[in-house]
Amino acid sequence: MSNINLEIKQNIATLTFDLKDEKINKLSFEILKEFDEKLNQIKEDSSIKALVIDSAKKDIFIAGADIKEIEKLKDEKEVYDSLMEVHEIFNKLENLQIPTIAYINGACMGGGLELALACKYRVCSTNPKTKIAFPEIKLGIFPGFAGTIRTPKVVGLVNALDLILSGKTIDAKKAYKIKLADMIFDDAQKEFMLDDFIKKAIYGTVKNRITFNPLNYAPLNEIVFKKALKNLESKVHKDFKAPYVALDVIKATLHKELEDAIKIEAKEFSKLAVTKESKNMIKLFFLFEKLNKNYEKSSNPISNAVVLGNGVMGKGIIYLFSKYLKDVRIKLRDLSQAHEILKDVAKIYDYSIKSRSMTKNQLDFKLNKISYTDKFIGFKNFDFVIEAIIEDEKTKKATYKELENVIGENTIIATNTSSISIEKLSDEIKNKENFLGVHFFNPVNLMPLVEVIPTKHTSKQSINKVCEMLINSGKTPIIVGDCAGFIVNRILLPYLNEAAFILEQGSKIERIDSIIKDFGMPMGPFTLADTVGIDIGYKVANILNEAYKDRMPIASIIEKMYEKNLLGVKTKEGFYEYTGRDKYPNSHVTSMLENNGKIFNDEEILERCLYIMINEASRCLEENIVTEASVIDFAMITGTGFPAYKGGLLSYANEIGLKNILESLRKFEKEYGERFKPSNLLVKLVEEYEDFETGESLWKH
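First residue of the sequence shown? That's 532 in our numbering, and the numbers climb one at a time after it.
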């Protein structure tokens, strides 16, 4: 079965990738074997004067290597031997004695980009779907088909490090600017522009874009490597090896002969590909893909929305809808707020303007979609209404009453509450099948996760339409059962609270933060509490305390801080004092701590903070708030920054061993009380010698 078509016209060979029964082109070992056979045919035909590599898939060149095949490889030797076979094929392509041209119209990722780099030239269409990247770092590996070797030679060391170590995506214009592309044009011009380029390539009149770059050579390249390492250390945890190894490989191979360089790259890639980190990241990648397909295309998708509430969350939601929907209406308390709100929404677009991924005209077009009113009018033709108002049950219910009088009969109403029961909020709603929770995380523009919480009356159609809209707006929704705090806040709050309890008994603010950060969290619990706002944390903690009683008590230090208006970053004083860019432990807080002379070792601090989360997560499974452990892993990674390379909270628990966790929880329960009482599910899993990967039958009902 042919997946690559070879056509020879007027002495020009075109190899067109078109994988059968697949939406995209990817490089499996079977496809590469076929590619090799086609290269042999071309090599043996002396009448061929040039080779073009193209794709028949719409908006896709080659989306990369087949990750499923990488996932299956279990030992280093197997990986190394497989890589060497690929190198043989790519080297054959590179060594053809004719001009070779990759025509990139659409996604060109990972192995697809490495194939393009083995060609002498790359021509890109300016199609907005032309996206070029090395996403391997996000899978716990790095480009392993000589990407670390060929890229610096083509685009220079600085650009190569930027692409490989960050996994960032660039468009055709940027590819041309950094000399990755030799020419760019609109796809509609392909016929004559590509023909013209091929002729120039045959006659040797294409201007060589690769020039001498002093930064590629000593002594300047030493400075580049040092700076790259410093940048990595400030952003990437030392336990996440892939970018650090990639940097070492680029350094070691920069001026080596290809044959030697390939061996170094393959050896280091092989080690990484079989690590737990890489397997965890790949598992996460597949889960992400699955969740992003979790809807059916509807005949009349949500195309416009009304937003009530214009605090930080409200503005984030307004921004999101102005970016992806056709029409956004804001309900204001007072029309005089409009100018300020639009200014703040425009500010969220700043990064897009600075990075040139959006023009000023495009921004104006997005902002022009926003209209506003201070009355409950003009909502009849809107598909979706979301409130992000004050976290108060009575106020929210009064708002829905007003709304139901002025919306269409099919309009979906959603609440962005972070902790109030959706069933409770829906008590007095008339059209119950069109009501649900849609909980965004702050900042909305950066956080991919959204918790979607239906009531027992919400229709499947409403859930589907909301998931469709969110996925098309670049978000990843997870469906969560109704309970106080849902998934993320319910699991996260006990962790923040526990850090505060530890502080009340002993240790120091910065030490506890540092231990948790060293584990791999993006920030310590106190820095996080200050960032979110002590007032918000305190309100959510109260709601959870009301729902879960003695299992979720509130640390008295948080109550005292709330009463004294020490609310964190927003008041410049929380657990830390903030002056400019600096922060110091707040003496006002430490002076409130009495009898906190107990000495804890690092291990206990870490276990108390993490195991209380694992215990609560197991209760979420036990109560069927979600039924997949992997969904909790995904939620904690994307909602709290739990280190992805550790696989998520419950994968980490499996790694530690549930028996060890249970023993520690029982010990903590004796010492610190009810909040550490192990969940029934955890006890049952240990008794049955199961864990969160193997024991699904113990909680699914």
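Cβ atoms here follow ideal geometry from the backbone N, Cα and C, with glycine treated the same way. All values reported here derive from a predicted model rather than from experimental measurement.
Chain D contact for residue i (CB, 8 Å cutoff)
| i | result |
| --- | --- |
| Pro-1174 | The structure shown contains no chain D; it is built from a single protein chain. |
For residue i, the nearest candidate out of the options (CA to CA)
| i | options | result |
| --- | --- | --- |
| Ser-533 | Glu-933, Asn-556, Gln-541 and Gly-909 | Asn-556 |
| Leu-558 | Ile-543, Asp-597 and Thr-545 | Asp-597 |
| Ile-813 | Ala-759, Ile-668, Lys-721 and Tyr-855 | Ile-668 |
| Val-755 | Ala-777, Lys-782, Tyr-734 and Lys-730 | Lys-782 |
| Met-1123 | Glu-1186, Gly-1037 and Glu-1194 | Gly-1037 |
| Phe-1207 | Asp-1081, Ala-649 and Leu-644 | Asp-1081 |
| Leu-934 | Leu-1193, Asp-585 and Val-838 | Val-838 |
| Ile-629 | Leu-644, Lys-574 and Glu-616 | Lys-574 |
| Asn-947 | Lys-699, Gly-939 and Leu-956 | Leu-956 |
| Phe-913 | Asn-973, Cys-1151, Thr-942 and Leu-818 | Thr-942 |
| Ile-879 | Leu-604, Leu-866 and Leu-894 | Leu-894 |
| Ile-1009 | Ile-1168, His-768 and Ala-544 | Ile-1168 |
| Arg-1139 | Leu-1196, Lys-721, Gly-1099 and Leu-789 | Leu-1196 |
| Phe-771 | His-786, Leu-803 and Ile-951 | Leu-803 |
| Ile-822 | Val-859, Glu-964, Asp-1066 and Gly-1005 | What sits at residue 822 in the sequence shown is Leu, not Ile. Residue Gly-1005 is the option with its Cα nearest to Leu-822. |
| Gly-595 | Gly-698, Leu-863, Val-654 and Val-686 | Gly-698 |
Counted within 10 angstroms of its Cβ, other Cβ atoms place residue i as buried (16 or more) or exposed
| i | result |
| --- | --- |
| Pro-750 | exposed |
| Glu-1077 | exposed |
| Asn-811 | buried |
| Tyr-896 | Here residue 896 is Phe; the residue named in the question, Tyr, does not match the sequence. With fewer than 16 Cβ atoms within 10 Å of its Cβ, Phe-896 is classed as exposed. |
| Asp-606 | exposed |
| Thr-1171 | buried |
| Lys-588 | buried |
| Thr-1110 | exposed |
| Glu-1154 | exposed |
| Thr-728 | Here the sequence assigns Phe to residue 728, which means Thr is not the residue at that position. Buried: at least 16 other Cβ atoms inside 10 Å. |
| Ile-1047 | buried |
| Leu-967 | buried |
| Thr-736 | exposed |
| Pro-974 | exposed |
| Asp-713 | buried |
| Ser-809 | buried |
| Phe-723 | exposed |
Cut-off 8 Å between Cβ atoms - residues of its own chain near residue i, not counting five sequence neighbours on either side
| i | result |
| --- | --- |
| Phe-1050 | Leu-1137, Leu-1141 and Pro-1174 |
| Glu-1219 | Gly-1226 and Leu-1229 |
| Val-689 | Leu-746 and Val-755 |
| Leu-815 | Asp-1164, Phe-1165, Ile-1168, Ala-1175, Gly-1178 and Gly-1179 |
| Asn-1211 | Glu-1153 |
Start-to-end residues for the beta strand (DSSP E) that takes in residue i
| i | result |
| --- | --- |
| Val-1100 | First-last for Val-1100: undefined, no H or E at that position. |
| Ser-586 | 581-586 |
| Asn-1315 | Because the chain spans 532 through 1232 in this model, residue 1315 falls outside it and cannot be assessed. |
| Val-1162 | Unbroken run through Val-1162 is the alpha helix (DSSP H), 1160-1171; no beta strand (DSSP E). |
| Ile-861 | 858-862 |
| Gly-968 | 966-971 |
Anticipated Cβ contact below 8 Å, residue i with residue j, distance rounded
| i | j | result |
| --- | --- | --- |
| Tyr-600 | Phe-560 | One detail in the question is off: residue 600 reads as Glu in this sequence, not Tyr. 6 Å between Cβ atoms; contact. |
| Leu-856 | Asn-835 | 6 Å |
| Leu-692 | Ala-633 | Not quite, the Cβ-Cβ distance comes to about 22 Å (not below 8 Å), so this is no contact. |
| Thr-679 | Leu-694 | Rounded, the Cβ-Cβ distance is 10 Å, inconsistent with contact. |
| Ala-1184 | Ile-1145 | 5 Å |
| Ala-1030 | Pro-1053 | Not really, about 15 Å apart at Cβ, beyond 8 Å. |
| Phe-1106 | Ile-1033 | With 8 Å as the limit, Phe-1106 and Ile-1033 do not qualify as a contact, their Cβ atoms being about 12 Å apart. |
| Ile-733 | Lys-580 | 5 Å |
| Phe-592 | Gly-642 | About 11 Å; that fails the 8 Å criterion. |
| Lys-705 | Asp-590 | Not really, about 18 Å apart at Cβ, beyond 8 Å. |
| Leu-1027 | Leu-980 | 18 Å between Cβ atoms; not a contact. |
6 Å Cβ shell around residue i - same chain, five flanking residues per side excluded
| i | result |
| --- | --- |
| Val-937 | Phe-907 and Phe-910 |
| Tyr-1069 | Ile-1089 and Tyr-1093 |
| Leu-1075 | Ala-1015, Gly-1016, Leu-1024 and Met-1083 |
| Pro-985 | Leu-967 and Ile-994 |
| Asn-658 | Asn-636 and Asp-718 |
| Val-610 | Leu-604, Ser-801 and Ala-804 |
| Leu-614 | Gly-675 and Ala-797 |
First through last residue of the alpha helix (DSSP H) which encompasses residue i
| i | result |
| --- | --- |
| Ile-960 | No alpha helix (DSSP H) contains Ile-960, which DSSP labels as neither H nor E. |
| Thr-930 | 924-935 |
| Asp-770 | Counting along the chain, Asp-770 falls outside any alpha helix (DSSP H), and DSSP gives it neither H nor E. |
| Asp-727 | 721-734 |
| Met-615 | 607-625 |
| Phe-716 | Counting along the chain, Phe-716 falls outside any alpha helix (DSSP H), though it belongs to the beta strand (DSSP E) covering 714-716. |
| His-1119 | 1118-1121 |
| Ile-1088 | 1087-1094 |
Close Cβ partners of residue i (< 7 Å) along its chain, the five nearest in sequence each way excluded
| i | result |
| --- | --- |
| Tyr-826 | Asn-995, Cys-998, Glu-999 and Ile-1002 |
| Leu-1189 | Leu-1213, Leu-1216, Val-1217 and Asp-1222 |
| Asn-1096 | Thr-1102 |
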